[in-house]
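97 is the number that the numbering used here gives to position 97 of the sequence shown; each next residue is one higher, with no gaps. Where is the CB? At the ideal position from N, CA and C, for every residue including glycine. Written out below as structure tokens is the structure these notes cover.
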Amino acid sequence: MSMRVAINGFGRMGRLALRAAWDRTDLEFVHVNEIAGDAETAAHLLKFDSVHGRWSGETEGAGDSLQVDGQEIAFTSGASPAEVDWTGIDLVLECSGRFRTIDSLAPYLEQGVRKVVVAAPVKEAGALNVVVGVNDDPAELARHDILTAASCTTNCLAPVVKVIHEGTRRVLRHHADVVDRLGRLVSGHPPLDLLVGQ
């Protein structure tokens, strides 16, 4: 039986998460919540990405439905997790960047969601900030209901720091964010002209 997955925040992180996991048979995407834009905009931006290119999946959006390869995914525009019905969802990918505290994430768990994976760091006790290859022990992952992928800087530095602790003496760190042709961050809100956002 597949795990029922919802995404809150269908900006770049949410869209790329869906793209990356779409063909997995153990996951079924059933709900997307995004406040910036409608289902038609979400379908367009899912199909076209300025860095990763055109996605092979077929996408359509209208009203309260996003269609991917003929599969219907419910689409809502709730401003907070408490405003959306998460009933029947096993896993929420919290990709909005707005909800990064245990209290703000609690509505998911109160509605029966089993796990919440936050695409930004949660800097409170009760959430596990995971860096693959550093602290991804399956027993620890199973013990927590709220997991995060930490921050991009943490994911850049933690593996390096681990190697330093194991004996390496010198490290150089570099971090870059992607911008579009107008100099805006690619991961920002969708522009009014969808062609500019590609």
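Scanning its chain for C-beta atoms nearer than 6 Å, with the 5 sequence neighbours on each side dropped, one finds around residue 82 the residues 107, in chain order. The segment 60-70 and the segment 84-92 do not touch, with fewer than three beta-carbon pairs separated by less than 8 Å. Of the residues assessed, residue 56 falls on the exposed side of the cut-off, its CB having fewer than 16 other CB atoms within 10 angstroms.
Going by C-alpha positions, residue 78 is about 28 Å away from residue 1. Taking all protein chains shown into account, residue 73 has 16 or more neighbouring C-beta atoms within 10 Å of its C-beta and is therefore buried.
Between the C-alpha atoms of residue 99 and residue 166 there is a straight-line separation of about 35 Å.
For residue 44, the uninterrupted alpha helix (DSSP H) segment begins and ends at 39-47.
For residue 68, the enclosing beta strand (DSSP E) covers residues 65-68.
Here the alpha carbons of residue 103 and residue 24 stand approximately 31 Å from one another.
In the structure shown, the three-state DSSP call for residue 13 is helix. Linking residue 133 to residue 127 through their CA atoms gives a straight-line distance of about 18 Å. For residue 44, the closest of 19, 117, 30 and 29 by C-alpha to C-alpha distance is 19. By the criterion of a C-beta distance shorter than 7 Å, residue 42 is surrounded in its chain by 10, 32, 34, 61, 66 and 75, once the five residues flanking it on both sides are discounted. With fewer than 16 neighbouring CB atoms inside 10 Å of its own CB, residue 110 falls in the exposed class.
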